[in-house]
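Written below as structure tokens is the structure these notes are about.
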Amino acid sequence: MMGTIPLSDVSPPSAGVVSVYGMRALPAATDAIKAPDVQSPTWLTTQDAAEAAAVKSASLAAAAATVKTVTYSVTTKGVVTADLAEFRSQANATLNDNRGWARFGTVFREVASGGNFTLVLSEANQVPSFSSGCSADYSCRAGRYVIINQDRWLGATPSWNSAGGSIRDYRSMVVNHETGHWLGHNHESCGGAGSPAPVMQQQSIDLQGCSFNAWPLDSELWSTQLGIDKR
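The end of the sequence shown is residue 232 by our numbering, with every number in the run present.
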């Protein structure tokens, strides 16, 4: 039969052996230990800040490098009765709309004079004065001049109107179309009945079975003028 062993008869633990009593006291001892408050030296803090600034600067530079800024000026030709302020505002909104040519990383900025091209709001009978290839019936592009026919700006065309297109969408289409010629595009044809028309299709004349469309298709997002390759 086993009896109770007096504590006085228990030998102390040998060296290297953790006693039960010592383990009970361990949590309290470890809680009292605090990690030293280590501060980075000034040179390291300065270096880290400089490296972070360099990374941010490089990121901003890379982003800026992908954006191309195109400048243009606005003028009129002949007797213009349309609201010129509205023309300038709507043309700029169209050119910088994220559904349009701005999609390939281009910002169009109006300047007081000069610029990369000149946007003209022209009296209809003055349009042919820019080139023998231009007609008084439609808008045109001749060299650096992107010419919007005032009659078309104010009333669109029978083809567009009969398809249910709005005058605001027509204005976006014609600005995108004629600017597209300046960017390096030729005319396109309808890709299939019911498909959105390419913006470079002559939608003012005939939709060819396509639905009217004011904005460049993905396949049209390129420019020889700006050195942007076809996707």
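The C-beta atom is built at its ideal place from N, Cα and C for all residues, glycine as well.
Helix, strand or coil for residue i? Go by DSSP, reduced to three states.
| i | result |
| --- | --- |
| GLY185 | coil |
| ALA164 | coil |
| SER74 | strand |
| PHE88 | helix |
| PHE213 | coil |
| PHE105 | helix |
| PRO197 | strand |
| SER123 | strand |
| TYR171 | helix |
| ASN117 | coil |
| ASN150 | strand |
| GLN202 | strand |
| SER41 | coil |
Please report the distance separating the alpha-carbon of residue i from that of residue j.
| i | j | result |
| --- | --- | --- |
| ALA72 | TYR146 | Checking the sequence shown, residue 72 turns out to be Thr, not Ala. Their Cα atoms are separated by approximately 13 Å. |
| GLN204 | ARG104 | 21 Å |
| GLY134 | VAL68 | 33 Å |
| THR76 | LEU45 | 58 Å |
| ALA212 | ASN93 | The amino acid occupying residue 212 in the given sequence is Ser; Ala does not appear at that position. If I take the Cα positions, the gap works out to 24 Å. |
| PRO129 | ASP138 | 9 Å |
| VAL81 | VAL121 | 11 Å |
| ALA50 | THR43 | 11 Å |
| ASP98 | SER196 | 22 Å |
| SER114 | ALA194 | 43 Å |
| ARG89 | SER41 | 57 Å |
| SER190 | SER74 | 30 Å |
| ALA157 | SER220 | 25 Å |
What do you get for residue i, buried or exposed, if any count of 16 or more other CB atoms within 10 angstroms of its CB means buried?
| i | result |
| --- | --- |
| TRP102 | buried |
| ALA53 | exposed |
| ALA198 | buried |
| ALA95 | Sequence check: residue 95 is Thr here, not Ala. So THR95 ends up on the buried side. |
| LEU184 | buried |
| GLN48 | exposed |
| SER163 | exposed |
| GLY166 | buried |
| ARG172 | buried |
| ASP230 | exposed |
Since residue i and residue j are thought to touch, with beta carbons under 8 Å apart, how far apart are those beta carbons, to the nearest angstrom?
| i | j | result |
| --- | --- | --- |
| ALA83 | TRP154 | 6 Å |
| GLN209 | HIS188 | Going by Cβ atoms, the distance from GLN209 to HIS188 rounds to 11 Å, so no, they are not a contact pair. |
| HIS182 | ARG142 | 4 Å |
| GLY79 | GLN127 | 4 Å |
| LEU218 | VAL200 | 7 Å |
Out of the options, which one is the CA nearest neighbour of residue i?
| i | options | result |
| --- | --- | --- |
| HIS186 | GLY228, ALA194, ASP152 | GLY228 |
| ASN179 | ASP230, ARG110, ALA215, SER130 | According to the sequence as given, residue 179 is Glu; it is not Asn. Cα-wise, what sits closest to GLU179 is ALA215. |
| ARG169 | GLN91, PHE109, ALA50 | GLN91 |
| VAL123 | SER136, GLY195, GLY116 | First, the amino acid is wrong: residue 123 is Ser here, not Val. Measuring from the Cα of SER123, the nearest candidate turns out to be SER136. |
| THR70 | SER196, ILE149, GLU111 | GLU111 |
| ILE206 | THR225, GLY116, VAL175 | VAL175 |
| SER224 | GLY106, ALA86, SER74, ASN99 | GLY106 |
| THR119 | ASP98, ILE149, ALA125 | ILE149 |
Any Cβ of chain D within less than 8 Å of the Cβ of residue i?
| i | result |
| --- | --- |
| LEU184 | Any reference to chain D falls outside this structure, which holds one protein chain only. |
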